[in-house]
Amino acid sequence: MESPVISFTFDDFPRSALLNAGAILRERGLAGTYYASFGLIGKKAPTGEIFTREDLDELIRQKHELACHTFDHYDSWDTAPDEFEASILRNQRAISERLPGTGFRSLSYPISWPRPETKRRAATYYECARGGGQTFNSGTMDLNYLKAFFIEQSRDNFEAIRQTIKVRARRAGRAVTERRRIRCSILTFYYKIISLSAGYILCIQPEQLRYYLLRFAKG
Ligand SMILES: [Zn+2]
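When we follow my numbering, the leftmost residue of the sequence shown carries the number 762, and every step to the right adds one.
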């Protein structure tokens, strides 16, 4: 794959991330990845109301990807690897009970970066796992800790986002020795080169997301 690709992901999956942001993506024929913690279902969070059972049907209908964020939304660093792994398994049981025949293919680490042992265990369950870092992925990547750029952290500074894309575009002009294509989702989304996280939609406005999409489309 020669050109940069952006993947839109939503952590925690507040309802507005699907109802507002999901609709904006669908307007453009795009789909996103929603990292869900089933232990939070129906709860109120600082980001708003978390997804409900009915939202899952809508997510599937809109052909977005549902992915794992641990059942308990455990802190990836502060939680012992055994506990973290048990929470992954709880989340997998929860999805198979609510959506039989459906499973997760990727994980995003809640709250902080993972311990090395936690990362090793996550790799046995998923094709890839996403972290943070406010940058993009290029060249040789760590599939168990793919980087992401949280848009809401730069929501008032589009220049920071634009610079990230520009730097990536410059690097694309050079020879890249390893071009491992990573099919990461059930849709045509690839965690390759640049992975942007739209984070909490409550923290960015729908108009901002529309604006970003327009700018991303122009490169
Ligand atoms: Zn989270």
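Idealized CB from N, CA, C, for every residue including glycine.
All of these numbers come straight from a predicted model, not from anything done at the bench.
- Inter-segment contact for the stretch 891 to 905 and the stretch 840 to 855 is absent: fewer than three beta-carbon pairs are separated by less than 8 Å.
- DSSP, read as helix, strand or coil, puts Gly800 in helix.
- The criterion of a C-beta distance shorter than 8 Å is satisfied by Tyr795 and His825.
- The nearest non-hydrogen atom of ligand 1 is 7 Å or more from the C-beta of Ile767.
- Straight-line measurement puts the Cα of Phe774 at about 12 Å from the Cα of Pro807.
- Every beta strand (DSSP E) stretch that sits fully inside the stretch 814 to 888 and reaches 3 residues is listed by chain position as 826 to 829 and 867 to 869.
- Between ligand 1 and the CB of His834, the shortest heavy atom gap is smaller than 7 Å.
- With a cut-off of 7 Å, the C-beta of Asp773 is classified as near ligand 1, since at least one heavy atom of the ligand falls inside that distance.
- Counting C-beta atoms within 10 angstroms of its own C-beta, Asn905 has 16 or more neighbours from the protein chains shown and is therefore classed as buried.
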